[in-house]
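If you're matching them up, the sequences are chains A and B in order.
Oh and the first sequence: position 152 is 154 in the working numbering, straight run, nothing missing.
Oh and the second sequence: position 86 is 267 in the working numbering, straight run, nothing missing.
In this text, a Cβ means the ideal position worked out from N, Cα and C, and glycines have one as well.
These notes are about the structure you will find just below.
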Amino acid sequence: MTNLDITLLLFEYLIFPGFLFSSGLGILLLGLRRKFRARIQGRRGPPILQPLYDLLKLLVKEDIEPATANKTAYKLAPILSFASVTLVSALIPIGYYVPQLSFTGDIILIFYFLSMLVFAVIIGGSSSSNPYSAVSAARFATMLIVFELPLVFTIATMAVWSKSLMLINIVSVKKFRIESLILLPIAIAYLFYIMAKLHLNPFSIPVAETEILEGIYVEYTGRKLALFELSHAIEFSVLTSLFIDFFVPLPDMGWVTIIIHVVLCILLAILITFIEAIFARIRIDQFVKIFGVYVNLLAILGFIIVLFLMGW
Amino acid sequence: MSRISSSLLKRSIWVYHLNTGSCNGCDIEIVAALTPRFDAERFGVRLVGTPRHADVILVTGPVTIQTIDKVKRIYEQTPEPKLVVAVGTCACTGGLFKGSYSIKGPVNKVFPVDYYIMGCPPRPHNILKGILEAVNLFKKRGDKK
């Protein structure tokens, strides 16, 4: 931590595990998601780069601020969301590449910044003075109470499993062992967490476009909406990358591992899309019941099993 | 710059559907044009729920006196560059209701219309074709802002 190489740091933040790589991967995942969902529904679907076209188009659109909005919070929310998710993306090991910023306890930092994202969205939604955004922000806040718990237990389990709070140690301790199967409940709980965090279909309650018109983003136009979309893309790549880092053992083969990592991220995104495409949206009270009880119990169960197996 | 932006706007078309007191026939056909059978998403067309996100406003119906304030407001809420496509005979000319005491007249009396799709109601193919032809007008209009 003492002697940081500034150029390498900038490279990490802006290019390789950071902004450029993760936004590229995220846009690719979002595009594949739309394509794959269209194929399931028997359509041809948009081109894979469609999310990129949408983003670039939003940059040339006019930027409107509603007259009654709280201007400071309204402007700050997309920047906060984008900044926190880009920082997280610079901390995540891809393959066996160790980010320079990684330190003991970085997974706790990652947890905080991933929660910050939701707060940014809630701030943006409630400051834009639109009733639909307000409803949506309230729904997101209700969801936040229940859906962060699986991530906490995943981090706790992985910390116990690898006896370390450093993400790169968690990555390198994984091996193909039969005992690794006991991580299955926590992996499933984490998968549910990804779907709730990205508000994908069974859990797309805060952005339900048929009831509350995309919710939080109702009043956002132009560049600010583009920032939100971009942070959503980066969030997608960060959360899938974290899944691979936590649960999938890979051999250390330099850049080949990085390619395998990307391929696995794509496969995971396809699995998530499949779940998304076959389910309809549930109500907020059903979400609290299903997620708050069953998924959280699964996460706690997974944690307890690992605790006992590690002889504690 | 305007060439780049017009080619971008052609690839990603977010459509807002605005009913100004129509009989619901054109609305059903618009929804039909967005179903998996016609698959508007393959051209980047997406139905959005809010005028703030819209690039193209699809207007149906003769503008009735009751709706006129809201219709004007929705037009103003849509960010530039935007296009207005009038769908159906009522929106284009007033159709059956032309000269009625309860309508303001066709849509182009309220705000400028860029493209007209005739028919009562127009077929889904025509609506989709109309949207895709209308977005070429982004280039001609240039930076109107």
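- Message: Please tell me whether H198/B has its Cβ less than 8 Å away from any Cβ of chain A.
- Response: no
- Query: Using a C-beta cutoff of 8 Å, does G225/B count as contacting chain C?
  - Reply: The structure shown has no chain C; the protein chains it does contain are A and B.
- Query: For H306/B and chain A, any beta-carbon pair shorter than 8 Å?
  - Reply: no
- Within 10 angstroms of the Cβ of C301/B, are there 16 or more other Cβ atoms? Answer buried if so, exposed if not. In this structure C301/B is exposed. Its beta-carbon is surrounded by fewer than 16 other beta-carbon atoms within 10 angstroms.
- Would you mind sorting L269/A into buried or exposed? The rule is 16 or more other CB atoms within 10 Å of its CB. exposed
- Item | Rounded separation between P48/A and P293/B - CA only | 30 Å
- Query: Whose Cβ in chain B lies nearer than 7 Å to the Cβ of L58/A?
  - Reply: L189
- Task: For the beta strand (DSSP E) containing A267/B, list its first residue and its last residue.
- Result: L264 to V268
- Does the ligand SAH have even one heavy atom less than 7 Å from the beta-carbon of H306/B? By its list of ligands, the structure shown contains no ligand whatsoever, and the ligand SAH lies outside what it can speak to.
- Message: So for I66/A, helix, strand or coil by DSSP?
- Response: coil
- Measure the CB-CB distance between P243/B and I308/B and report whether it falls below 8 Å. no
- Evaluate contact between the region 141-157 of chain A and the region 66-80 of chain A, counting only Cβ atoms and requiring at least three cross-stretch pairs below 8 Å. no
- Query: Taking any Cβ of chain B, which residues in the region 230-248 of chain A have a Cβ under 7 Å from it, in chain order?
  - Reply: none
- Query: Counting only beta-carbon atoms, is R254/B nearer than 8 Å to chain A?
  - Reply: no
- Task: Closer than 7 Å by beta-carbon distance: list the chain A residues that pair up with T231/B, in chain order.
- Result: L215, E216 and V220
- Message: Taking CB distances under 8 Å as the criterion, tell me whether N317/B reaches chain A.
- Response: No, N317/B lies away from the interface with chain A (no Cβ there is under 8 Å from its Cβ).
- Message: Please list, in chain order, the chain B residues whose beta carbon lies closer than 8 Å to that of I66/A.
- Response: R233, Q258 and P260
- Item | Pairwise C-alpha distance: A235/B and V229/B | 7 Å
- Grouping DSSP H, G and I as helix and E and B as strand, with all else coil, what is N200/B? strand
- Hey, out of L16/A, A198/A and S164/A, whose CA is closest to L185/A's CA? S164/A
- Message: Strictly below 9 Å CB to CB, what residues from chain A border P162/B?
- Response: Within the shown structure, residues of chain B are numbered from 182 to 326, placing residue 162/B beyond reach of any answer.
- Task: Mind checking which residues open and close the beta strand (DSSP E) that includes L239/B?
- Result: V237 to T241
- Task: Report buried or exposed for R227/B, applying the criterion of at least 16 other Cβ atoms within 10 angstroms of its Cβ.
- Result: buried
- Query: Mapping DSSP to helix, strand and coil, what is Y76/A?
  - Reply: helix
- Task: For chain A, find out if any of its Cβ atoms is closer than 8 Å to the Cβ of D208/B; answer yes or no.
- Result: no
- Which same chain residues, not among the five before or five after T248/B, have their C-beta less than 7 Å away from its C-beta? For T248/B, where only same-chain residues beyond five positions count, the Cβ hits under 7 Å are T201 and G202.
- Item | Through-space distance from I292/A to I157/A, alpha-carbon basis | About 22 Å.
- Query: E222/B CB to nearest chain A CB: under 8 Å?
  - Reply: yes
- Item | Buried or exposed by the 16-neighbour rule on C-beta atoms within 10 Å, applied to M197/A | Counting C-beta atoms within 10 angstroms of its own C-beta, M197/A has 16 or more neighbours from the protein chains shown and is therefore classed as buried.
- Item | alpha helix (DSSP H) segment containing Y192/A, residue limits | L186 to K199
- Task: Round the Cβ separation of D118/A and L82/A to the nearest angstrom and send it over; I've been treating them as touching at under 8 Å.
- Result: Per the sequence shown, residue 118/A should be read as Met rather than Asp. Contact holds; Cβ gap of about 7 Å.
- Item | Length of the line joining the Cα atoms of K326/B and E261/B | Interpretation of K326/B is limited by its pLDDT of 44, a score under 50 that renders its predicted location unreliable; no figure is taken from the coordinates.
- Message: Using a Cβ-Cβ distance cut-off of 8 Å, determine whether P217/B contacts chain A.
- Response: yes
- Task: Confirm, please, whether the CB-CB distance from V316/B to L190/B is below 8 Å.
- Result: yes
- Task: Give a yes or no on whether 8 Å exceeds the smallest Cβ distance from R45/A to chain B.
- Result: yes
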